[in-house]
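Chains as they are written, first to last, in this note's numbering: chain A, 1 to 114; chain B, 115 to 225. Think of the CB as a built atom: it goes at the ideal place given N, C-alpha and C, for glycine as much as any other residue. Nothing here was measured: the structure is a model prediction, and the numbers come from that model. Have a look at the structure below before the remarks.
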Amino acid sequence: DSGVTQTPKHLITATGQRVTLRCSPRSGDLSVYWYQQSLDQGLQFLIQYYNGEERAKGNILERFSAQQFPDLHSELNLSSLELGDSALYFCASSVVGSGRDGYTFGSGTRLTVV
Amino acid sequence: EDQVTQSPEALRLQEGESSSLNCSYTVSGLRGLFWYRQDPGKGPEFLFTLYSAGEEKEKERLKATLTKKESFLHITAPKPEDSATYLCAVGRTGTASKLTFGTGTRLQVTL
């Protein structure tokens, strides 16, 4: 157990639907990162939050949004889902936002869009 | 744009057969080079961070080294439990904490 908790572990939904993925960071970590891992593209950075504020943004689609709450847990919202959104979605956390040291990943949410 | 290329894509070794995995990178201003291990269906597990050329780090049968253009992950006398996908990533100065990952090397160690 890495200390980063992601729910749900698996999600199957239909095209056009909206889902919410949840992440609880490791105790004491202020920064949360979201990554998407698909078979053909590897791990792609989506977005980072630090202590409730957006810190950095990657190639995140406009249909996707995220937030970090006062208790530091984070949610990734995916809407108008397409078949191509099927992937593993990972959350990671670190103590500070500098990223100088490696961060800790959760076990991921496997999203299947049918 | 930052780029990370890992080779080989897949590697099959017999137990005890040492080898190296390669990570070539292009980044303007290296903040750090990171190695992770990922088991099937699980999240990446942090192994090492290297910050400057010439730096080396070791952990059990793994040793990571760094030059200005590439990093190597040396695996000495591997065991079947070392089977996993090994991911390399780079962070660039001035880009907060974003890491750019390679697509990984799938290592299988057989008896």
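The beta strand (DSSP E) that contains residue i, what's its start and end?
| i | result |
| --- | --- |
| residue 78 of chain A | 74-78 |
| residue 17 of chain A | Neither: residue 17 of chain A is in no beta strand (DSSP E) and is coded neither H nor E. |
| residue 133 of chain B | 133-140 |
| residue 32 of chain A | 31-38 |
| residue 43 of chain A | 42-50 |
| residue 147 of chain B | 144-152 |
| residue 204 of chain B | 198-206 |
| residue 11 of chain A | 10-13 |
| residue 65 of chain A | 64-68 |
| residue 111 of chain A | 109-113 |
| residue 116 of chain A | Summary: the structure shown does not reach residue 116 of chain A, with chain A confined to residues 1 through 114, and so no result is reported for it. |
Return the Cβ separation of residue i and residue j in integer angstroms, given the expectation that the two are a contact with Cβ distance under 8 Å.
| i | j | result |
| --- | --- | --- |
| residue 61 of chain A | residue 19 of chain A | In fact, because the Cβ distance is near 14 Å, the residues do not count as touching under 8 Å. |
| residue 120 of chain B | residue 205 of chain B | 16 Å between Cβ atoms; not a contact. |
| residue 6 of chain A | residue 102 of chain A | Contact flag wrong, Cβ pair sits at about 18 Å. |
| residue 123 of chain B | residue 192 of chain B | About 18 Å separates the two Cβ atoms, so there is no contact after all. |
| residue 94 of chain A | residue 29 of chain A | 6 Å |
Taking only beta-carbon atoms, is residue i less than 7 Å away from chain A?
| i | result |
| --- | --- |
| residue 190 of chain B | no |
| residue 229 of chain B | Because chain B is modelled from 115 through 225, residue 229 of chain B falls outside the range shown and cannot be assessed. |
| residue 157 of chain B | yes |
| residue 219 of chain B | no |
| residue 186 of chain B | no |
Taking only three categories from DSSP, how would you classify residue i?
| i | result |
| --- | --- |
| residue 174 of chain B | coil |
| residue 159 of chain B | strand |
| residue 216 of chain B | coil |
| residue 115 of chain B | coil |
| residue 99 of chain B | Nothing can be reported for residue 99 of chain B, as the shown portion of chain B is limited to 115 through 225. |
| residue 83 of chain A | helix |
| residue 129 of chain B | coil |
| residue 53 of chain A | strand |
Examine chain B for any beta-carbon lying closer than 7 Å to the beta-carbon of residue i, and answer yes or no.
| i | result |
| --- | --- |
| residue 66 of chain A | no |
| residue 80 of chain A | no |
| residue 69 of chain A | no |
| residue 107 of chain A | yes |
| residue 3 of chain A | no |
| residue 102 of chain A | yes |
message: Closer than 7 Å between beta carbons: that is the criterion. Which residues of the stretch 34-62 of chain A meet it against chain B?
response: 42, 43, 45, 48, 55, 56 and 58
- prompt: Which residues, taken in chain order from the stretch 162-179 of chain B, show a beta carbon closer than 7 Å to some beta carbon of chain A?
  reply: 163
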